[in-house]
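Residue numbers (the working numbering), protein chains in the order written: chain A, -18 to 136; chain B, -18 to 136; chain C, -18 to 136.
What follows is one structure encoded as structure tokens, with my remarks underneath.
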Amino acid sequence: MTDARSLVETLNARYVAAIDDDRLEEWPTFFTDPCRYEIIPAENVEQNLPLGVFFADSRAMLNDRVQSLRRANIYESQRYRHVVSSILIVGEEQNLVRAEANFLVVRIMLDGDMRLFMSGRYRDVVDTSGATPLFREKRVVFDNRRIDTLLALPV
Amino acid sequence: MTDARSLVETLNARYVAAIDDDRLEEWPTFFTDPCRYEIIPAENVEQNLPLGVFFADSRAMLNDRVQSLRRANIYESQRYRHVVSSILIVGEEQNLVRAEANFLVVRIMLDGDMRLFMSGRYRDVVDTSGATPLFREKRVVFDNRRIDTLLALPV
Amino acid sequence: MTDARSLVETLNARYVAAIDDDRLEEWPTFFTDPCRYEIIPAENVEQNLPLGVFFADSRAMLNDRVQSLRRANIYESQRYRHVVSSILIVGEEQNLVRAEANFLVVRIMLDGDMRLFMSGRYRDVVDTSGATPLFREKRVVFDNRRIDTLLALPV
């Protein structure tokens, strides 16, 4: 249990550091290919509604998203700061670890305004077969229903 | 030290996941019977005032609280998201581990409003004698003095 | 990796507990002497501007700061609550561990007002040669540009 949690903790720490440091081009490299990445409201998960606000199932799709963000220059005007806690290993089979964790994202705008932007739970499936663990699935289940139109950065 | 912290970390992760996921009926099962659970403002702790805003010393009392919450349907209108960090083992004796940790609670309302609701420190005594560690004591020492009247959910 | 992270996690947990509990006099004892402690905005780090909002390179300077804070009685009117997460070991050499971690600070005012005060990243160099690990460097790189004039407490 401890080793799996330590591994997931480090993977998530590297993952959020890349996003918070504006190293967006590294973001797709944290995933297997194919993969599953989605951002979905908690109420949809509860009601078994499959639709989220973002979905990707390959590195190519994740790379596309990064290119769009770079073109739109959105990252110039805002930054994120992630806090991840309470990592829980919910399953282990062969080279796959299922883990969950709570997260908060603080958004910092260019004018210095800082606010709590999103809270929720990561539901991850981590592939540990390679030299570096990778996300085979990362479902970002968020609590707050009102989606900010600026929601564009990876979470 | 590491093993005890890992154990307390996992226990708190399971505990907050149960609350945040609305599995309130599981809440009392995280405690020994008898137990001590209380929510108390930091200033009362500093001034040695024993009164908090909630106190229970048995699973029956915790179960009563859950039943009240279910009847009042409060959980329909709000959710919590806990963040727990900086777990510190402050004592170990036989089958008891004393631990402290910082926490934040974000509250998400039905209309999507999300805000920082409470910050504070868990002061836990964990009984490790059984198959699953349990809270013998959980003192929720919170920082913010203004108590929201909706304070009703477990923290 | 796990051992170094556990060590840094415990050091930071003790460090923030001392600050949050108003045991400011202990704050300098978490550092080597000489040391490097600074609070610096993220944009200055990115632009290689060396100037931060606070700098100290010895325990004497840190002690001076504590004395000033005590004289000004600032700590009577506010408290902090730190959350530290996603600790990442970025280097290890002999008795030095380089580590980074995300943090949030919530500030609680005397009147009960509580708000998100600062977010950012610790960039630490930890000296592990002695009986107790100490910060040889602690750089507090914060995200929010607008500095509150009450910024005075250790972070």
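Each residue gets a CB set at the ideal place from its N, CA and C atoms; glycine is no exception.
| query | Since R102(C) sits in a beta bridge, which residues does DSSP pair it with? | reply | Start at 1 with the first residue of the third sequence, and residue 102(C) comes out as number 121. Answer is N83(C), V122(C), bridged to R102(C).
| task | To the nearest angstrom, report how far apart F36(C) and I20(C) are at their CA atoms. | result | Counting from one through the third sequence, the residue named residue 36(C) turns up at place 55. Counting from one through the third sequence, the residue named residue 20(C) turns up at place 39. C-alpha separation (whole angstroms): 7 Å.
| query | Quick one: what's got a C-beta closer than 6 Å to Q59(B)'s C-beta in the same chain, skipping five residues either side? | reply | Within the second sequence, residue 59(B) is the residue found at index 78, counting from 1. Taken in chain order, the residues that qualify are R88, M90.
| said: Determine whether the beta carbon atoms of Y61(B) and L134(B) lie at a separation below 8 Å. | reply: Counted from its first residue, the second sequence places residue 61(B) at position 80. Counted from its first residue, the second sequence places residue 134(B) at position 153. Their beta carbons are under 8 Å apart, which means Y61(B) touches L134(B) by this criterion.
| query | Would you say P135(B) reaches chain A, if we count a Cβ-Cβ gap shorter than 8 Å as a contact? | reply | On the second sequence, position 154 is the one that residue 135(B) refers to. Not one chain A Cβ lies under 8 Å of P135(B).
| task | Give the single residue among D45(A), R104(A), D1(A) whose Cα lies nearest to the Cα of V26(A). | result | Working through the first sequence from its first residue, we reach residue 26(A) at position 45. The shortest Cα separation from V26(A) among D45(A), R104(A), D1(A) belongs to R104(A).
| said: Less than 8 Å between CB atoms is the rule here; does M(-18)(C) satisfy it with respect to chain A? | reply: On the third sequence, position 1 is the one that residue -18(C) refers to. Bear in mind that the predicted position of M(-18)(C) carries a pLDDT of just 42, short of 50, making it unreliable; the figure below should be weighed with that in mind. The beta carbon of M(-18)(C) sits closer than 8 Å to some beta carbon of chain A.
| field | Span of the alpha helix (DSSP H) around V65(C) | value | Position 84 of the third sequence, counted from the first residue, corresponds to residue 65(C). From DSSP, V65(C) is part of no alpha helix (DSSP H) but of the beta strand (DSSP E) over 59 to 74.
| request: Would you give the residue range spanned by the beta strand (DSSP E) that E19(C) belongs to? | output: Along the third sequence, read from residue 1 onward, the residue named residue 19(C) stands at position 38. Secondary structure note for E19(C): its beta strand (DSSP E) is the uninterrupted segment 12 to 22.
| field | the stretch -16 to -4 of chain C in contact with the stretch -6 to 1 of chain B per 3-pair CB rule at 8 Å | value | no
| query | Within this structure, are the beta carbons of R126(B) and E24(B) separated by less than 8 Å? | reply | In the second sequence, the residue the question calls residue 126(B) occupies position 145. In the second sequence, the residue the question calls residue 24(B) occupies position 43. Against a cut-off of 8 Å, the Cβ pair of E24(B) and R126(B) comes out as a contact.
| request: Step through the CB atoms of chain C and report whether any lies within less than 8 Å of the CB of V64(B). | output: Looking up residue 64(B) in the second sequence gives position 83. Output row for V64(B): interface = yes.
| request: Please check the pair L77(A) and V106(A), which I expect to be a contact at CB under 8 Å, by giving their CB distance rounded to whole angstroms. | output: Here the question's residue 77(A) lines up with position 96 in the first sequence. Here the question's residue 106(A) lines up with position 125 in the first sequence. Taking 8 Å as the upper bound for CB-CB distance, L77(A) and V106(A) are in contact here, some 6 Å apart.
| query | Closer than 8 Å, CB to CB, is S110(C) near chain A or not? | reply | As a first step, residue 110(C) is located in the third sequence; it is residue number 129 there, counting from the start. Not an interface residue.
| Where do the ends of the beta strand (DSSP E) carrying A37(C) lie? | Locating residue 37(C) in the third sequence gives position 56, counting from the first residue. Counting along the chain, the beta strand (DSSP E) containing A37(C) begins and ends at 35 to 37.
| request: May I ask you to verify whether the stretch 3 to 19 of chain B touches the stretch 42 to 53 of chain B, counting CB pairs closer than 8 Å and requiring at least 3? | output: yes
| query | Since S110(B) is in the alpha helix (DSSP H), which residue starts that stretch and which ends it? | reply | For the purposes of this step, residue 110(B) is taken as residue 129 along the second sequence, with counting starting at 1. Segment: none, S110(B) is in no alpha helix (DSSP H) and carries neither H nor E.
| query | By the 10 Å Cβ neighbour count, where 16 or more other Cβ atoms means buried, how is N83(C) classified, buried or exposed? | reply | Along the third sequence, one-based indexing puts residue 83(C) at 102. N83(C) is buried by the Cβ-count criterion.
| query | Is the Cβ-Cβ distance between R51(B) and D14(B) less than 8 Å? | reply | Residue numbering aside, residue 51(B) sits at position 70 when the second sequence is read from its first letter. Residue numbering aside, residue 14(B) sits at position 33 when the second sequence is read from its first letter. No, Cβ-Cβ distance for R51(B) and D14(B) is not below 8 Å.
| query | According to a CB-to-CB cut-off of less than 7 Å, which residues of the stretch 115 to 129 of chain C neighbour chain A? | reply | D124, N125, R126, R127
| said: Quick check on the burial criterion: 16 or more other C-beta atoms within 10 angstroms. Buried or exposed for S110(B)? | reply: The residue given as residue 110(B) occupies position 129 in the second sequence. Burial call: exposed.
| Residue range of the alpha helix (DSSP H) that includes Q28(C) | Stepping through the third sequence from its first residue, residue 28(C) is reached at position 47. Per DSSP, Q28(C) belongs to no alpha helix (DSSP H) and is neither H nor E.
| message | For A80(B), count the other beta carbons within 10 Å of its own beta carbon; 16 or more makes it buried, fewer makes it exposed. Which is it? | response | Stepping through the second sequence from its first residue, residue 80(B) is reached at position 99. Looking at its Cβ environment, which holds 16 or more other Cβ atoms inside 10 Å, A80(B) is buried.
| query | Out of curiosity, what's the CA-to-CA distance linking M(-18)(C) and G72(C)? | reply | Here residue -18(C) refers to the residue found at position 1 of the third sequence. Here residue 72(C) refers to the residue found at position 91 of the third sequence. Because M(-18)(C) carries a pLDDT of 42, less than 50, the predicted location of this residue cannot be relied on, and the following value inherits that uncertainty. If you take the alpha carbons of M(-18)(C) and G72(C), they lie about 10 Å apart.
| Does R89(A) come within less than 8 Å of chain C when only Cβ atoms are used? | Counted from its first residue, the first sequence places residue 89(A) at position 108. Before going on, a small fix: residue 89(A) reads as Ile here, not Arg. True, the Cβ-Cβ gap to chain C drops below 8 Å.
| Pair within 8 Å by beta-carbon distance, V64(B) and V64(C) | Within the second sequence, the letter at position 83 stands for residue 64(B). Within the third sequence, the letter at position 83 stands for residue 64(C). Against a cut-off of 8 Å, the Cβ pair of V64(C) and V64(B) comes out as a contact.
| message | Could you check whether the Cβ of T113(C) sits closer than 8 Å to any Cβ belonging to chain B? | response | Position 132 of the third sequence holds residue 113(C). Not closer than 8 Å to any Cβ of chain B, the Cβ of T113(C) fails to qualify, so no.
| message | Is the separation between the beta-carbon of R117(A) and that of D108(A) shorter than 8 Å? | response | For this step, residue 117(A) is matched to residue 136 along the first sequence. For this step, residue 108(A) is matched to residue 127 along the first sequence. Yes, these two residues count as a Cβ contact at 8 Å.
| query | So what does V(-3)(A) bridge to, in DSSP terms? | reply | Locating residue -3(A) in the first sequence gives position 16, counting from the first residue. The partner list for V(-3)(A) (beta bridge, DSSP) is empty, contrary to what the question assumes.
| said: Using DSSP's beta-bridge definition, name the partner residues of L77(B). | reply: Here residue 77(B) corresponds to residue number 96 of the second sequence, with the count starting at 1. Note: L77(B) is bridge-paired with E74(B), D108(B) in the DSSP secondary-structure output.
| Since N(-7)(B) meets chain A, which of its residues come closer than 7 Å, beta carbon to beta carbon? | Position 12 of the second sequence holds residue -7(B). S67, listed in chain order.
| message | Under 8 Å, Cβ to Cβ, is there at least one residue of chain A near L77(C)? | response | Locating residue 77(C) in the third sequence gives position 96, where the first residue counts as 1. So, not an interface residue.
| request: Have a look at L85(C) and F98(C) and give me their C-alpha separation to the nearest angstrom. | output: Counting from 1 along the third sequence, the entry for residue 85(C) is found at position 104. Counting from 1 along the third sequence, the entry for residue 98(C) is found at position 117. Cα-Cα distance, rounded: 8 Å.
| request: Alpha carbon to alpha carbon, how far is F11(A) from L115(A)? Give it in angstroms, no decimals. | output: Sequence index remark: in the first sequence, residue 115(A) carries index 134 (1-based). Sequence index remark: in the first sequence, residue 11(A) carries index 30 (1-based). Rounded to whole angstroms, L115(A) to F11(A) spans 5 Å at the Cα level.
| task | Could you tell me the distance, in whole angstroms, from the CA atom of A(-15)(A) to the CA atom of G33(A)? | result | Taking the first residue of the first sequence as 1, we reach residue -15(A) at position 4. Taking the first residue of the first sequence as 1, we reach residue 33(A) at position 52. Rounded to whole angstroms, A(-15)(A) to G33(A) spans 28 Å at the Cα level.
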